[in-house]
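Taking this note's numbering, the leading residue of the sequence shown gets 616, the next gets one more, and so forth. Glycine is no exception: its CB is placed at the ideal position from the N, C-alpha and C atoms.
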Amino acid sequence: MRQTLVAGNWKMNGSQEANHQLLEGLKAGVGEGMKSKVAVCPPAIYIAQTAELLSGSSIAWGGQNLSPEASGAFTGEISADMLLDLNCEYVIVGHSERRALYGESDQLVAEKYRTAEQAGLTPILCVGELLGERESGDTEAVVARQLDAVIDLVGMQAISAGVIAYEPVWAIGTGKTASPEQAQAVHAFIRARLAEKDAAVAESMQILYGGSVKPGNAAELFSMPDIDGGLIGGASLDAESFLGICRAG
C-alpha cells in the first residue's frame with residue numbers, strides 16, 4: 616500500500632514572519648491521525664529557518680532545485696550537500712517552471728535527478744505537458760520523453776528511490792484542474808511505462824498530482840487508484856488550505 620505524500624512547493628514566496636506563522640500552523644494541525652506524509656519545499660534562503668522550526672516534528676522539508684555539480688565556481692547555485700547539511704529529505708527536480716522559464720532540458724533534469732539520488736536525497740521528478748501538447752494529443756509522448764530521459768541515465772533502481780509528480784502545465788496557477796479521470800489516465804500511463812522496465816518499482820512508486828489542487832478537489836483526486844498525493848503550489852502557502860489537502864489523503 617503506497618502512502619499518500621503531500622508536498623508543498625512555496626515557489627518564490629515567503630518571509631521570515633509569514634513562514635513562522637505558516638509552519639507553526641502546520642505543526643499544530645499535523646497530528647498523529649494524519650495518514651499522509653507531509654513535506655514543504657521553501658525557497659533556499661528559508662530552508663535553515665524551516666529546518667529549525669520543523670525539527671522534531673513529523674513534517675519533512677526539501678529544496679526546490681539543485682545543481683548537478685558537487686561544488687565549485689557556480690555562482691548562485693545550490694549543491695546536494697548543502698541541502699543535506701540542512702537535513703533536507705526531498706528536492707524538486709525538473710519543475711515545469713524550471714523547464715519553461717530557465718530552459719532546463721530533459722538531459723539536465725536527468726543529471727540533476729542523478730546528483731540528488733546519489734547524494735541520498737529523494738528527488739521529486741516533475742513531468743507534464745503544455746496546453747498545446749495536450750490539445751494536439753501529445754500528452755503521453757511528452758511525458759514518456761521526459762520520464763525516459765531520466766530512466767535512461769540513472770536506471771530503474773535509482774528511479775525507485777524517488778517520487779514522480781505529474782503536473783499538467785496548463786493547470787498550474789491557472790485555477791484549471793485536470794479532472795480526476797484525466798489525471799488518473801496519465802498517472803496510469805506513467806505507472807505502465809515504469810512497469811515495462813520493472814513491475815515491482817512501478818507498483819511501489821509514489822506518483823503525485825500537481826495542478827491547482829485545493830481542499831475541495833483533493834479527496835476525489837487522491838481517491839484515484841494511481842494518484843498517491845499531491846505537489847501543491849499556491850494552496851501550500853495557507854496552513855488551513857494545505858492541511859485540508861493533507862487530510863484528504
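{"Check": "Using a Cβ-Cβ cutoff of less than 7 angstroms, which residues in the same chain neighbour residue 721 once the five nearest sequence positions on both sides are dropped?", "Outcome": "760, 761 and 764"}
{"Check": "Can you find the residues in the same chain that come closer than 6 angstroms, C-beta to C-beta, to residue 715, ignoring five residues on each side of it along the sequence?", "Outcome": "none"}
{"Check": "Is the segment 666 to 684 touching the segment 701 to 716, taking contact as three or more C-beta pairs under 8 angstroms?", "Outcome": "yes"}
{"Check": "Could you pull out every residue in the same chain whose Cβ sits closer than 8 angstroms to the Cβ of residue 631, ignoring the five residues on either side in sequence?", "Outcome": "661 and 664"}
{"Check": "Mapping the DSSP letters down to three states, classify residue 880 as helix, strand or coil.", "Outcome": "The structure shown does not extend to residue 880, since the chain spans only 616 to 864, so no value can be given for it."}
{"Check": "Do the segment 807 to 818 and the segment 846 to 862 touch if we need at least three Cβ pairs shorter than 8 angstroms?", "Outcome": "no"}
{"Check": "Could you pull out every residue in the same chain whose Cβ sits closer than 6 angstroms to the Cβ of residue 655, ignoring the five residues on either side in sequence?", "Outcome": "623 and 676"}
{"Check": "Can you tell me the Cα-Cα spacing of residue 658 and residue 800, whole angstroms?", "Outcome": "32 angstroms"}
{"Check": "Give, in chain order, every unbroken run of the beta strand (DSSP E) that is at least 3 residues long and sits entirely within the segment 808 to 854.", "Outcome": "822 to 824 and 844 to 847"}
{"Check": "Have a look at residue 839 and residue 708 and give me their C-alpha separation to the nearest angstrom.", "Outcome": "24 angstroms"}
{"Check": "Less than 9 angstroms separating the beta-carbons of residue 743 and residue 757?", "Outcome": "yes"}
{"Check": "Looking at the structure shown, is residue 754 part of a helix, part of a strand, or coil, going by DSSP?", "Outcome": "helix"}
{"Check": "Measure the alpha-carbon distance for residue 745 versus residue 797 and round it to whole angstroms.", "Outcome": "14 angstroms"}
{"Check": "Report yes if the C-beta distance between residue 843 and residue 860 is below 9 angstroms; otherwise report no.", "Outcome": "no"}
{"Check": "From residue 674 to residue 653, what distance separates their C-alpha atoms?", "Outcome": "5 angstroms"}
{"Check": "How many angstroms separate the CA atom of residue 683 from the CA atom of residue 734?", "Outcome": "11 angstroms"}
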